[in-house]
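Peer 1: Position one of the sequence shown corresponds to residue 7 (the working numbering), numbered consecutively onward. Cβ coordinates follow ideal geometry from the N, Cα and C atoms, glycine included. Values in this document were obtained by computation on a predicted structure and should not be read as measured data.
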Amino acid sequence: MTVNLNQNHFELFGLPARFTVDTAALEARYHELQREVHPDRFAAAPDAERRMSMQLATRVNEAYQTLKSPLRRAVYVLQLRGVDPEFETNTAMPAEFLMEQMTWRERIEADSEKPEALLRLQAGLRGESGKLFEKLHHQLDKRHDDEAATQTTRMLMFYEKLDDQIDDKLAELET
7 MTVNLNQNHF ELFGLPARFT VDTAALEARY HELQREVHPD RFAAAPDAER RMSMQLATRV
67 NEAYQTLKSP LRRAVYVLQL RGVDPEFETN TAMPAEFLME QMTWRERIEA DSEKPEALLR
127 LQAGLRGESG KLFEKLHHQL DKRHDDEAAT QTTRMLMFYE KLDDQIDDKL AELET
């Protein structure tokens, strides 16, 4: 098996440790690794090999989920660079951004019974997220500005929560 539990996620997938990833290469390598370590291949193997296969398959899945998600990937890149984003303890954000969050929440509540309006809000929110992801690309890959990237990542976490809120409202309306 070529999977090494000590490799970071990027090494495991043979990708450069950067925010922007080749998603086609990520997908291809994921399927290749899955075939290699899948527990079904080790069904008749001794217990130790079966356990190792389970560990490796879990490791491959966790690494893939992290690299596939731009937000999780950004956090991971920052952590690899030795940056502790302190997302749980450092919630300081610019006042303007916090006011914007309040406005988003108010709009979600005001439109909570209107699926079309919620979908428009979600599209607008995802557009704003897209702009921040582009900004993050420049901060992490081009300028290596980890401090600014941490702030942008925090903003994206707020947007992700808003997006989840809209998804929840839409799911409530479907039931």
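Would you kindly work out how many angstroms separate the C-alpha atoms of N67 and M105, rounded to a whole number?
Peer 2: As a first step, residue 67 must be located in the sequence shown, where it is residue number 61. As a first step, residue 105 must be located in the sequence shown, where it is residue number 99. When rounded, the distance between both Cα atoms is 38 Å.
Peer 1: Going along the chain, which unbroken runs of the alpha helix (DSSP H) with 4 or more residues stay wholly within the region 65-91?
Peer 2: Here the runs fully enclosed are 76-86.
Peer 1: Over the uninterrupted alpha helix (DSSP H) stretch that includes N103, give me the two end residues.
Peer 2: The residue labelled residue 103 in the question sits at position 97 within the sequence shown. Checking the sequence shown, residue 103 turns out to be Phe, not Asn. Element bounds for F103: A101 to A116.
Peer 1: In the DSSP assignment, the alpha helix (DSSP H) including E42 goes from what residue to what residue?
Peer 2: The residue given as residue 42 occupies position 36 in the sequence shown. That run of the alpha helix (DSSP H) goes T29 to V43.
Peer 1: Put R56 into one of helix, strand or coil per three-state DSSP.
Peer 2: For the purposes of this step, residue 56 is taken as residue 50 along the sequence shown, with counting starting at 1. Of the three classes helix, strand and coil, the one that applies to R56 here is helix, per DSSP.
Peer 1: Give a yes or no on whether the C-beta atoms belonging to L179 and T158 are separated by under 7 Å.
Peer 2: Within the sequence shown, numbered from 1, the residue matching residue 179 stands at position 173. Within the sequence shown, numbered from 1, the residue matching residue 158 stands at position 152. No; because the gap between Cβ atoms is not below 7 Å, this pair is not in contact.
Peer 1: Compute the beta-carbon to beta-carbon distance between R35 and P45, rounded to the nearest angstrom, for a pair I have assumed lies under 8 Å.
Peer 2: Within the sequence shown, the letter at position 29 stands for residue 35. Within the sequence shown, the letter at position 39 stands for residue 45. With a Cβ gap of about 19 Å, R35 and P45 do not count as contacting.
Peer 1: Could you give the distance in angstroms between the alpha-carbon of T26 and the alpha-carbon of G136?
Peer 2: To locate residue 26, count along the sequence shown from 1; it is residue 20. To locate residue 136, count along the sequence shown from 1; it is residue 130. In a straight line, the C-alpha of T26 is about 13 Å away from that of G136.
Peer 1: Mapping the DSSP letters down to three states, classify H15 as helix, strand or coil.
Peer 2: Numbered from 1 along the sequence shown, position 9 holds the residue referred to as residue 15. If DSSP states are grouped into helix, strand and coil, H15 belongs with the helices.
Peer 1: For L146, which residues of its own chain have a beta-carbon under 6 Å away from its beta-carbon, when the five flanking residues on both sides are left out?
Peer 2: As a position in the sequence shown, residue 146 is number 140, starting the count at 1. F25, V83 and A155.
Peer 1: Note down the Cα distance separating M161 from L127, rounded to an integer number of angstroms.
Peer 2: Sequence index remark: in the sequence shown, residue 161 carries index 155 (1-based). Sequence index remark: in the sequence shown, residue 127 carries index 121 (1-based). Using only the alpha carbons, I get a separation of about 17 Å.
Peer 1: What is the rounded straight-line gap between the Cα of L11 and the Cα of R65?
Peer 2: By one-based count along the sequence shown, residue 11 stands at place 5. By one-based count along the sequence shown, residue 65 stands at place 59. Cα to Cα, the separation comes out at about 7 Å.
Peer 1: From what residue to what residue does the alpha helix (DSSP H) around K120 run?
Peer 2: Residue 120 sits at position 114 when you count from the first residue of the sequence shown. Looking at the DSSP string, K120 is not in any alpha helix (DSSP H), and its letter there is neither H nor E.
Peer 1: Helix, strand or coil for E147 per DSSP?
Peer 2: Locating residue 147 in the sequence shown gives position 141, counting from the first residue. Here residue 147 is Asp; the residue named in the question, Glu, does not match the sequence. Helix at D147.
Peer 1: Where does R24 fall in DSSP's three states?
Peer 2: Against the sequence shown, residue 24 aligns to sequence position 18. Looking at R24 - three-state DSSP - the assignment turns out to be coil, as it is neither helix nor strand.
Peer 1: Tell me the DSSP secondary structure of T159 in three-state form.
Peer 2: Numbered from 1 along the sequence shown, position 153 holds the residue referred to as residue 159. DSSP places T159 in helix when its eight states are reduced to three.
Peer 1: Please list, in chain order, all residues of the same chain as D152 whose beta carbon is under 7 Å from its beta carbon, the five residues on each side excluded.
Peer 2: Reading the sequence shown from its first residue, position 146 is the one you call residue 152. So the list reads L84, R87 and V89, once near-sequence residues are dropped.
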